[in-house]
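Protein chains in written order, with our numbering: chain A, 1 to 316; chain B, 317 to 562; chain C, 563 to 959; chain D, 960 to 1269. First the structure, in the form of structure tokens, and then the observations on it.
Below you can see the structure in the form of structure tokens.
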């Protein structure tokens, strides 16, 4: 008796738990992108729309390298290194000239980079989605809780994401580079006064951010579609994340990413039934999906209306 | 004219303003001096409305303005110049001053008539420029004025708002000797025309020449307020400030 | 102070005009046929445009470089998936390039915007993919032909199949936009069983894990989905990774095809699709097309390509019938209506609304082919199927 | 100086006036449509320039007003109302209202936050457009009837061309009047030195909000024109890349100059047109071109001819 009555409740609970996990997984992906972007924005004061292109480059290079070497792991390694190198080249060749400019020029120039990279990738690999393979053991799924089956690969993404977050925390709070990064985010002239080679610091930070974007890209490859323009699909969400979190703050990026990931996922999963219990089901049918797709933007507008500099402003 | 009571502002552990009491009388020139880090800039920012105090009251011409924004205070007659030169670099000197005149006139939602040929703005602006001795430079972009001229322009803008009280934050900062001298002469002429001024300044020569009264700020507190002669002789001030400077 | 540049640009644009005009005159003397072909070539959807363009080229090769016996020039245009760009292109092609006939177009919205421009100029439009229902119904036009289908015919076929095979609980997913809703409407026209839930996701969404989790919790007997392009690649792979492939069969339309199979590969095995054609179709014309296409381009063509190949053949048949007198629009229209060519789907007839009356099949993805999976025809669902809108079309012929 | 400017503008307008008969005589009437489309985008760019170039507000969501203007006209036409006065009036009023709402929240923020929040609002409107099933959702819809004016037939290529030309000139002139008025002085002053403005008694918020609203209204007008031009409207009008394009026209041409946005619209759309005719990989060329133009033409195209006093 008791059991039978509790069963639906447990089912709902498990479902909620699983959706939460989905939200965290999406959040972790967003975090990998947001970490680099927020550092570049916070330290170099550079609005880099082309961050999504580095994500795309990571995904493509990994596939190409894996095909070339025949090994998934070598592919991953080369893909990461490739994203790092491409990022540094981009920084040295074009972005360096833009630090002193206002955001407007940066937006324009980095949009130019997006066009360039998307088309270049299309010229090299074609416009079709590419297949990115996985080692067999990553392809399966496990039963987390009774009745709750979860793809192994997504668990791995969560693990990698959290590990990177921990590593970043260590680097930012415990190392000299991290000290410079924190100082740079809050007071640029001070760092310069310390006699640090700012140019080099910028290039390193940018390359670092590019590698993180590349990591996100190569992990996204097997679940999302690897195609020209894939970066822009995620880029806007990433901007939402860093703006909610507060520009220049790694902690803000993590919290923002998790919030956005979870809100977006739960909104997609539960908003329609929830609305259905308030307004008429046909109206919920129409409004639910529309509202779910606007949810993160709504969230951002509300956060900024209340806290115009995000949740964890890095400066003053 | 201006009455400040128990003004307190804290930045984390640092008590930048520690219960400041401060008065300015109608028509007087009241200087604020103090060693570096004494909290002069914090104090003047709170007077101008760019910082909100944690506690205390600011009463201006009988009205509590503690919670008013900077623009509201400006419209009530609190003019200011900045420590670091702050003009509109892309505008001509005349336009800079005309904007200040316009701010005071209160008719700024006119979208059609060109402001440049608006005589009700241009004529008062010319007059103020003439007063500060910048007439010959009226058509020059502010960015292209010499440093001293920019400081003069800044004072002109503050004056053009026809303030009842003028907050001058280190008007002599970064000036050469000759420029400073001219500025002191000019402020002296303002003083003679009985304009009420609060003068924050490092240049002791200027302070003692211009001020009717002087307040000494040390560690966020007013250590003393008195006429220049008495301040000169005040032991506490000497210890805390002048001794250090000498 | 910017005027000098503008003046320069204008002067330049005027300057190269007479040259173009001269070329056109020469063209008229040569009796050359000009076809304007609009598709999407840039951006992620450019893959479809590539399939279409390659197929047009193959058709020209099969026709010996001539269409209806006339030397031919194809003017390609990239609509960037934007209707307003499509309109601009159509205007350019008609007014500047002075094309005789227009063809192509992938997207319903681009087609809806372009058709009035083309027919308004008295030219014929041969659509080779977009299947907007108003153009099959009350907005049908004498000058508009389609070598494809109406959007909701494939889901109709899938709905019929699901109904006939007695599926009771169906879970439905589609992107939240017009085509998504059209697809579901088509499905429901023939599927009368229980629909557990109808989920509309954000257009262009990448991650479907949340939806897949919800879906599994409801435990339906089957899933119907419509996810074109990159969305399909993501959805099908994530469905597979979630371990649902073996538990709940996935039935889709316009989701798994030869443009997306190279990216989905084995994850597609076991997938069901409904379509009017598949590369393994057993007709002589189809075999020739698929065989030569693979030989020439090294990959397997999709239905997008097949329809475009047919578009050229259809035009060829009509130009032949009017003996090259393309300007005689009335004769051209009557000739086109006969659909007098060897179709890859076997001979068919046009319905009164200028849309083909044709069969629809159930396709299944099986192991094999260069992509690790390929589509095979399982069975015929509809024979001589007409779209649901032709009765609203008041055309008489 | 002023008169020379006037002469140049006159030459420009005369050239545009003369364009249709010339291209018709040359058998190239298609240029009428191309230039008309460019002029419509130029109106949008001029409106953005008011807040971006003169007001310093980097709005990354200006396409929202194109969309709202288009939908205002489209929805009225959908319900059988064909009056052009109504279409254009509604387009202007609706976009002004939306701009007022968006602006009232956004202008509280600044810098990157402002860029992103304007983008976010436009994304919301974009998804709203997609979910409007009645009006075609993502597919958009055909404009049922073109906006009807007495004596003016927008179906006629020439009539429409000259209407757009008149409106473009009006938009440029209106912007010119606004930025040199008392209001405009305050707006530009707030961009130049906000602290100074506050100290002499201006709260920039209200001025910025009004400018934002006016720009939105002008953008809405461009939207209604665009809907008439393509005879079709889709949520795609509000896509963020569209906002980007309008922004680039302004920056490319030269911010805060009267001619800049017009020059930028002509340059960008002409270059796009030429490159797209030449190769399908035109973006691989346009991208670096944009970067180079940013790095080397600091003041935009207008800056090449216009020497600042400095």
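Virtual Cβ for every residue (Gly too), placed ideally from N, Cα, C. On a predicted model such as this, the values are computed, not experimentally measured, just so you know.
query, result
"Does DSSP put residue 981 of chain D in a helix, in a strand, or in coil?", "helix"
"Hey, could you find the ends of the beta strand (DSSP E) residue 787 of chain C is sitting in?", "784-787"
"On the three-pair Cβ rule with 8 Å, is the region 348-362 of chain B touching the region 522-535 of chain B?", "yes"
"Residue 247 of chain A touches chain D at which residues, Cβ-Cβ below 7 Å?", "1071"
"So which residues of chain A does residue 678 of chain C contact, with C-beta pairs closer than 7 Å?", "None at all; the shortest Cβ gap to chain A is about 29 Å."
"Anything in the region 1084-1118 of chain D with a Cβ closer than 8 Å to a Cβ of chain A? List those residues in chain order, please.", "1086, 1087, 1089, 1090, 1092"
"Is there a C-beta anywhere in chain C that falls below 9 Å from the one on residue 277 of chain A?", "no"
"So, is residue 332 of chain B buried or exposed, given that buried needs 16 or more other C-beta atoms within 10 angstroms?", "buried"
"Hey, residue 231 of chain A and residue 114 of chain A: beta-carbon distance below 9 Å or not?", "yes"
"Within 9 Å of any Cβ in chain D, is that where the Cβ of residue 10 of chain A sits?", "no"
"Would you check if the distance between the CB atom of residue 495 of chain B and the CB atom of residue 455 of chain B is smaller than 9 Å?", "no"
"Listed from N- to C-terminal order along the chain, which residues in the region 997-1009 of chain D have their beta-carbon within a distance smaller than 9 Å of any beta-carbon of chain C?", "none"
"Among the candidates A:292, A:84, A:81, whose CA atom is the shortest distance from the CA of residue 1083 of chain D?", "A:292"
"For residue 424 of chain B, collect the residues of the same chain with a Cβ closer than 8 Å to its Cβ; drop the 5 residues on either side in sequence, then sort them by chain order.", "418"
"Quick check on the DSSP output: the alpha helix (DSSP H) that includes residue 725 of chain C runs from which residue to which?", "715-726"
"Going by other Cβ atoms of all chains shown within 10 Å of its Cβ, with 16 needed for buried, is residue 482 of chain B buried or exposed?", "buried"
"So that I know if they touch, is there some Cβ in chain D lying closer than 9 Å to that of residue 535 of chain B?", "no"
"Which residues, in chain order, does the region 1024-1039 of chain D contribute to contact with chain A at a C-beta distance below 7 Å?", "none"
"Give the DSSP bridge partners of residue 685 of chain C, in chain order.", "Residue 685 of chain C is not bridged to any residue."
"Beta-carbon of residue 609 of chain C versus every beta-carbon of chain A: anything under 9 Å?", "yes"
"Can you give me, in chain order, the residues of the region 411-444 of chain B that have a beta carbon less than 8 Å from any beta carbon in chain D?", "411, 414, 415, 416, 418, 419, 420, 423, 424, 425, 426, 427, 428, 429, 430, 431, 432, 434, 437"
"Using three-state DSSP, classify residue 628 of chain C as helix, strand or coil.", "strand"
"Can we count residue 1059 of chain D as close to the ligand HEM, meaning its CB is less than 8 Å from some heavy atom?", "Because no ligand of any kind appears in the structure shown, any question about the ligand HEM cannot be addressed here."
"Which term fits residue 32 of chain A, buried or exposed, when burial requires 16 or more other beta carbons within 10 angstroms of its beta carbon?", "buried"
"For residue 670 of chain C, return the contacting residues in chain D, with the cut-off set at a CB-CB distance below 9 Å.", "1098"
"Nearest by alpha-carbon distance to residue 1147 of chain D: which of D:1177, D:1188, D:1110, D:1163 is it?", "D:1163"
"Quick one: what's residue 241 of chain A bridged to in DSSP?", "Bridge partners of residue 241 of chain A: none, in fact."
"Here's a check: name, in chain order, each residue in its chain whose Cβ is nearer than 8 Å to the Cβ of residue 1078 of chain D, leaving out the five neighbours to either side.", "1019, 1020, 1199, 1202"
"Would you please verify whether the beta carbon of residue 1257 of chain D is less than 9 Å from any beta carbon of chain A?", "yes"
"Spell out a yes or no on whether the region 802-809 of chain C and the region 139-158 of chain A are touching, meaning 3 or more CB-CB pairs, one atom from each, closer than 8 Å.", "yes"
"In whole angstroms, what separates the C-alpha of residue 687 of chain C from that of residue 950 of chain C?", "22 Å"
"Once DSSP output is grouped into helix, strand and coil, what is the label at residue 1030 of chain D?", "helix"
"Do the CB positions of residue 309 of chain A and residue 247 of chain A come within less than 9 Å of each other?", "yes"
"Using a C-beta to C-beta distance shorter than 8 Å, which residues of chain C count as neighbours of residue 154 of chain A?", "771, 803"
"Taking 9 Å as the threshold (beta carbon to beta carbon), is residue 1267 of chain D in contact with chain C?", "Residue placement at residue 1267 of chain D cannot be trusted, given a pLDDT of 42 that sits under 50; the coordinates are not used to answer."
"Given a cut-off of 9 Å, decide if residue 299 of chain A and residue 223 of chain A are closer than it, judged by their beta-carbon atoms.", "no"
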